[in-house]
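Working notes for the structure below.
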Amino acid sequence: MKFAAITLALPLILAACNDDRVTGHDALLQQVSGARIGNGADYWIEMKNISGEWERTGLIFGYTDDYGECMNAIAGLKSVNYAREYRCTQAN
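Numbers 22 to 113, taken from my numbering, label the letters of the sequence shown in order.
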């Protein structure tokens, strides 16, 4: 019985994982890449997922030193979830 439940659930789980785009995802990326907020570059916080791919999980903007604030944010994330890899990448 457990095998049947897993067999039936697996295609649904895989289908859900296959479409990782959130509504508005591409529009957000386009907006951010084309327009800075403030004088300096904005920065994405990226997290390495279980597949070894980098995912954008946060956006830092509006500070005098956006990169420095991105690094501060990562330090906070690492203090709670030290096993994850994070990085800051320029958004625009």
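All residues carry an ideal CB built from backbone N, CA and C; glycine is no exception.
With burial defined as no fewer than 16 other Cβ atoms inside 10 Å of the residue's Cβ, what is the status of residue i: buried or exposed?
i	result
Y103	exposed
E74	exposed
N93	exposed
E67	buried
A26	Because the pLDDT of A26 is 40, which lies under 50, any placement of that residue in the model is unreliable, and the number read from its coordinates should be weighed accordingly. With fewer than 16 Cβ atoms within 10 Å of its Cβ, A26 is classed as exposed.
K99	exposed
Note down, in chain order, each residue of its chain lying with its Cβ closer than 7 Å to the Cβ of residue i, except the 5 sequence neighbours on either side.
i	result
Y64	I81, D87, Y88, C91, C109, T110, Q111 and A112
K53	Looking at the sequence provided, one finds Val at residue 53 rather than Lys. Closer than 7 Å at Cβ, skipping near neighbours: D63, L80, A112 and N113.
T78	I66, E67 and M68
What does a CB cutoff of less than 8 Å around residue i pick up in its chain, not counting 5 residues either side in sequence?
i	result
N114	Because residue 114 is not part of the residues shown, which for the chain are 22 to 113, the question remains open.
R105	M68, K69, L98 and K99
Report, in whole angstroms, the separation of the C-beta atoms of residue i and residue j, which I expect to be a contact under 8 Å.
i	j	result
Y84	I95	With 8 Å as the limit, Y84 and I95 do not qualify as a contact, their Cβ atoms being about 14 Å apart.
Could you tell me whether the stretch 53 to 60 touches the stretch 88 to 96, where touching means 3 or more Cβ pairs closer than 8 Å? no
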